[in-house]
Structure formats: C-alpha cells, structure tokens
Amino acid sequence: MNPPVSIFWFRRDLRLEDNVGLYHALTSEHPVIPLFIFDTNILGHLQEKNDARITFNYDTILRLKSTLRRQGSDLIVRYGSPESVWQHLITTYQIETVYVNHDFEAYAIQRDAMVKDMMSKHNIKMLTYKDHVIFEKSEIVKDDGTPYTVFTPYKRKWLSKLTESEDQSESSVYLQSVQTEHYFDHFYKFTSVKGVPSLYEMGFERAEIEIPTVNINSSILITYDKTRDFPALDGTSRLGIHLRFGTISIRELTRLAISLNPIYLNELIWRDFYAMILSYFPYVQFSAFRPEYDHIEWRNNEKEFQLWCEGKTGYPIVDAGMRELSATGFMHNRVRMITASFLTKHLLIDWRWGEAWFAQKLLDFDLASNNGGWQWAAGCGTDASPYFRIFSPDAQTEKFDKARIYIKKWVPEYGTSSYVLPIVDHKDARIRCLEVYRRGLRR
C-alpha cells in the first residue's frame, strides 16, 4: 500500500518561496507532491496559439520542475481538465490532504468547489489559504460589516488594519513571509515522473514577446510618483504579470512599497480593492457595477472597433497605445485610461468589448483589475470616473507626451501624409457621448 501523501496544487502562485499554501503543506505530517495542471477548460478559450502568457507559464513550470529536482523531488505536470487529472491522482496515490491558495475568479470558484466535492467523496481534505492579496474581501469592511464601494475609505481602513497591532507597518503580521525553504526536504521523493507535454502537444506555439523581469527595480519605485504618468519613460515596475501568476510575493512587494513610495503602495491597494469588488459583486464580470449604466445604447460599430484594435484611429496617443499592446503585451497605465475612454466615450463602444480585447492581449491580465479599470473608464463601475469626464487625447498628449517621443516610437508615420485621418471629431464625439449617456441614465 502506498504511503499517505499531501498534494500542493500550483495555480496563480508559481513560486516556492513565501508561498502560504505550500508552507502549510510542507509543515504537515506527510510528504508533499507538487502538482501543476495545464487546464484545458482555460486553454480552450484562448484565441491565439502563440499566447505569450502560455509561454511564460510553460517556462516558469520548467524552472520550477528543475528546482524541485535539485531538491530531490519533482513536479507532476498534467494537461487536461482538473476533474480528469484528479480522478487519476486519487487512484494513484493515497492522498490525505490537498493544499491550494485561494482564487476568487468565477471559474476558479466553480473548479475548486468541484474538486473539493470530489475529494470529500474520497475522505480527502482540501485546505485553502490566502496568498494572492494582502487582505481578502471580509477582512476590510465598513463598521456595519458591509463592503466598501469607494476606494478612499477602503484605503484608510486597509492602512489602519495593516498597522493595528504593530508600530511599523513593514513588520505587520499581514506582511510576514513564510519560510518555505526551511522545509524543502519534506517534498515527496519520486522514483520517476512523466515528462512535461510540449507547447505543440497542447496546441500552442512559442511566443517571441519579451517578458519583463521579475527583479524589482527599487530606483523605479522610488521615483514612481514622478514618472508613472509619462509613457515615454521607463517609470513603472512592469511586475503585473508576476503578480498575476504569483512568481513574486505580494507581501515582499508591499513591504518594499511601504519603505520606498506610498504612491506605488496605492496601486497595490487598488489591486486588493478590485479583488474585493469582484468577490462581493461577481456580477461585475458580465454587467455594470451600477445597473443603470446597462441602459446605455452603445453604437458598437465593428469597423471602428477594429480600427481601435489596430491602432488606426487617427488619434496618435490612442494608436501608439494599441500598437504597443499588440507588439509587447504591455500598455502604459496612463495610456490604458486614454484608450479605454476613447473607445467607450468617443466611439460609444461597449466597455466589455475593450475589456475582452485587453484580456486577450495583456501579459498582466487580471480579471478583477482589468474589469475594474474598464468600468472606471466607462463611468459604470464602483468609484468610477464620472460619465461626463471625457479625456481629450490631444490634451493628454500635451500633458504626458509633449515631445511625442512615445507616439513616434509606435506610430512612425505620425506627422506624414500617410498617417490616417481621425475617425471621429473630438468635439462632436463629446457632445454625442453626453447625449447618449444622459438618455440611458434617465431610463
């Protein structure tokens, strides 16, 4: 009879260090089998075969596997549905406990409920832990127990809770790392492990997009408040993809933000805020946080949407952002706001169309943050920009790319006769937007 084991299931936490669920698995009484599943329920919905996020995940998994082998263990990597993979594992090993970290997206909740039910039928425990955020939804609430829907009071409570039992917030219990490396000898010792399926076998191709480094550039964080709005500068951390897939610890990054720059810390608090909103109000994944905005009569002109996607709107700052996104999988946050405002207000195209395009293209796509950002831009989200705030692309350019350095990098034909004419007049579009929004909100 096989000896009892625990299994730690990697998902959005692809690191060995400071991993809460993994720590609890390693400090349990049984050897720990590491597992990763290339989930066909997720991969089947991806439209691009050379999706750079799959290449990133694949290479990260190979590095994890190599590291675990040096520890005398290994990583089980499977391609399939979680249900079928777990059915096989249950018949192969004597599993006592499955350890995971929380995931609050709709599919993940459904998936984990299914796996937990499967485990319970075999008398296997499934334990979950907080690892992806500093505070989960029920940890930061109003005094009456209801969730915040405005960021500023949420932020005040967030900061207050962080320091409620400590003199220095950097040493808060909520920011303490777990020392998984002390227990690496508790990993299961395999005699042999099946190899990793190739990208080709899973229906994908290797992407050539460069992935930002996981190394934290402290100098960028120190000057973040002064440089963050200027897309021509290297003024943002570009750690989004590593936060998304857990190749960096949110606790480590938050400690550094506290010590270096409160404005950067603010961005991490926004991340917790939007995760909380998605958890409490899961309907935002499909509709406006403020239901009255679902009455907006979007034009949804498919030709104009395609021109926006391709960066051919005739508005240079918009086109630069969209071309940068397609070429690199990244778009500067200031430009994300400009392009989102342009789509929803100048073109009156449903924010969900833009949200889906960003979800397809962004390396750092995170459902909660992407959804929150798009609803903010469209005016329909929690604590959103008011609907009558309509960014002028030209004014934004003068303020944040005055020398057109960013624009000229991504729109080389800018200033020549070959550059396209604007697909819409700013003043006319503004008037039209206000009329459509007012009419929709009166319903």
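Numbering of the sequence shown is given in the working numbering, commencing with residue 792 and proceeding in unit increments.
All C-beta atoms in this analysis are idealised placements derived from N, C-alpha and C, irrespective of residue type, glycine included.
- Residue range of the beta strand (DSSP E) that includes Y870: Boundaries of the beta strand (DSSP E) around Y870: 867-871.
- Query: What do you get for R1035, buried or exposed, if any count of 16 or more other CB atoms within 10 angstroms of its CB means buried?
  - Reply: buried
- Under the DSSP definition of a beta bridge, which residues are partnered with L918? Beta-bridge pairing links L918 to Y890.
- Message: Tell me the rounded alpha-carbon separation between L966 and L1059.
- Response: 13 Å
- Task: For Q1187, count neighbouring C-beta atoms within 10 Å of its own C-beta (all shown protein chains included) and say buried if the count is 16 or more, exposed if not.
- Result: buried
- Message: Suppose contacts are defined by Cβ-Cβ distances below 7 Å. Is H893 in contact with K921 by that definition?
- Response: yes
- Query: Quick one: what does DSSP say D903 is sitting in, helix, strand or coil?
  - Reply: helix
- W1089 in three-state terms, based on DSSP: coil
- From Y1048 to D1063, what does the alpha carbon distance come to, in whole angstroms? Here residue 1048 is Ala; the residue named in the question, Tyr, does not match the sequence. Computed Cα separation, rounded: 14 Å.
- Item | Where the beta strand (DSSP E) through L1212 begins and ends | Unbroken run through L1212: none, as it is neither H nor E.
- P795 and H815: beta carbons closer than 7 Å? no
- Message: Pull the bridge partners of W800 from the DSSP assignment, please.
- Response: Residue pairing by DSSP puts W800 in a beta bridge opposite L826.
- Query: Between D834 and G812, what straight-line distance do the alpha-carbon atoms span, to the nearest angstrom?
  - Reply: Correcting the residue identity first, residue 834 is Leu in this sequence and not Asp. If you take the alpha carbons of L834 and G812, they lie about 24 Å apart.
- Out of D804, N793, V941, I798, state which residue places its alpha-carbon closest to the alpha-carbon of H1042. According to the sequence as given, residue 1042 is Arg; it is not His. Closest option to R1042, Cα to Cα, is D804.
- Item | I798 versus E808, P825, L807, D809, residue with shortest Cα-Cα distance | P825
- Item | Contact under 7 Å by Cβ, A1194 with A998 | no
- Query: Using 8 Å as the threshold, is the segment 1072-1081 in touch with the segment 1109-1123, meaning 3 or more CB pairs across them?
  - Reply: no
- Cut-off 8 Å between Cβ atoms - residues of its own chain near K916, not counting five sequence neighbours on either side: Excluding residues within five positions, the ones whose Cβ falls inside 8 Å are E887, T888, V889, M910.
- Message: Any contact between the segment 1218-1227 and the segment 1153-1173? By contact I mean 3 or more CB pairs, one from each, below 8 Å.
- Response: no
- Task: Can you give me the start and stop residues for the alpha helix (DSSP H) that H923 sits inside?
- Result: First-last for H923: undefined, no H or E at that position.
- Check each candidate in N810, L837, G986, Y945 and name the one with the smallest Cα separation from V868. G986
- Message: I need the DSSP call for P1053, collapsed to helix, strand or coil.
- Response: helix
- Task: Look at the Cβ atom of L1024, then the Cβ atom of Y849, and state whether they are nearer than 7 Å.
- Result: no
- Buried or exposed: T883, going by 16 or more other Cβ atoms within 10 Å of its Cβ? exposed
- Message: Can you find the residues in the same chain that come closer than 8 Å, C-beta to C-beta, to Q885, ignoring five residues on each side of it along the sequence?
- Response: M792, N793, P794, P795, V796
- Query: Is F1096 near I1140, with beta carbons less than 7 Å apart?
  - Reply: yes
- Within the segment 1125-1203, note down every full alpha helix (DSSP H) run reaching 4 residues or more, in order along the chain. 1142-1152, 1158-1169, 1184-1191, 1196-1201
- Item | Nearest-angstrom Cβ-Cβ length linking I1198 and I1129, presumed shorter than 8 Å | I1198 to I1129, Cβ: 12 Å. No contact.
- Query: Which residues in the same chain have their Cβ closer than 6 Å to the Cβ of V941, if we skip the five residues on either side of it in sequence?
  - Reply: D1174
- Compute the Euclidean distance between the alpha carbons of T1004 and I1032, then round it to the nearest angstrom. 10 Å
- Message: Quick check on the DSSP output: the alpha helix (DSSP H) that includes M1113 runs from which residue to which?
- Response: It spans 1107-1119 - the alpha helix (DSSP H) in which M1113 sits, taken as one unbroken run.
- Distance CB(K980)-CB(G1170) smaller than 7 Å: no
- Residue environment, Y1179, which counts as buried when at least 16 other CB atoms sit within 10 Å: At residue 1179 the sequence reads Phe, which differs from the Tyr that was named. Looking at its Cβ environment, which holds fewer than 16 other Cβ atoms inside 10 Å, F1179 is exposed.
- Apart from the five residues on each side of it in sequence, which residues of its chain come closer than 7 Å, Cβ to Cβ, to W949? F926, I931, I1060, D1063
- Query: Can you tell me whether DSSP reads Q885 as helix, strand or coil?
  - Reply: Strand.
- According to the neighbour-count rule (16 or more other Cβ atoms, all chains shown, within 10 Å of its Cβ), is P1177 buried or exposed? exposed
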